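Quick note on numbering: the sequence shown equals residues 1435 to 1538 in this note's numbering.
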Amino acid sequence: MYAIIETGGKQYKVAPGDTIEVELLDDPSGEPVEFDRVLFYSDGADVRCGTPVLPTVRVVGTVAAHKLARKIVVGKFRRRTGYRRTKGHRQQLTRVKIERIVAN
């Protein structure tokens, strides 16, 4: 059994027991979270594809932790002028443990 969900503008293939890292969610650690934008669902015999979402399927999980991604360093450079700039960015992520997929 698996589903494809959309959150934070990205799509993730999830199954019960999986742990995924998504864009930052407002929920605190340990709180349950529900994803209702399910694009695709399959349990082997039953296959459903949304147009664009499935209103009767939802994915339930628990917020495991909030963390920062690897630092990305961006540089600007102009030749022959001594102009150099570097800037770093760390994206905030939320780790979610998928508990179950509920399909009615």
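In this text, a Cβ means the ideal position worked out from N, Cα and C, and glycines have one as well. Every value quoted in this text rests on a predicted model; they were computed, and no experiment measured them.
- When DSSP states are grouped into helix, strand and coil, Pro1486 belongs to the coil group.
- Within the same chain, Cβ atoms closer than 6 Å to the Cβ of Thr1490 are found at Asn1538, the five residues on either side in sequence being excluded.
- Bounds of the beta strand (DSSP E) holding Glu1457 are 1453-1457.
- DSSP places Pro1466 in the uninterrupted beta strand (DSSP E) bounded by 1466-1469.
- Each residue's CA atom was taken as its position, placing Arg1471 and Thr1485 some 11 Å apart.
- Two segments are said to touch when three or more pairs of C-beta atoms, one from each, lie closer than 8 Å; by this definition the region 1436-1456 does not touch the region 1504-1519.
- In terms of Cα proximity to Thr1520, the closest of Ile1506, Met1435, Lys1447, Lys1531 is Ile1506.
- Per DSSP, Gly1509 is one residue of the beta strand (DSSP E) stretching across 1506-1512.
- The C-alpha of Gly1516 is placed about 53 Å away from the C-alpha of Val1493.
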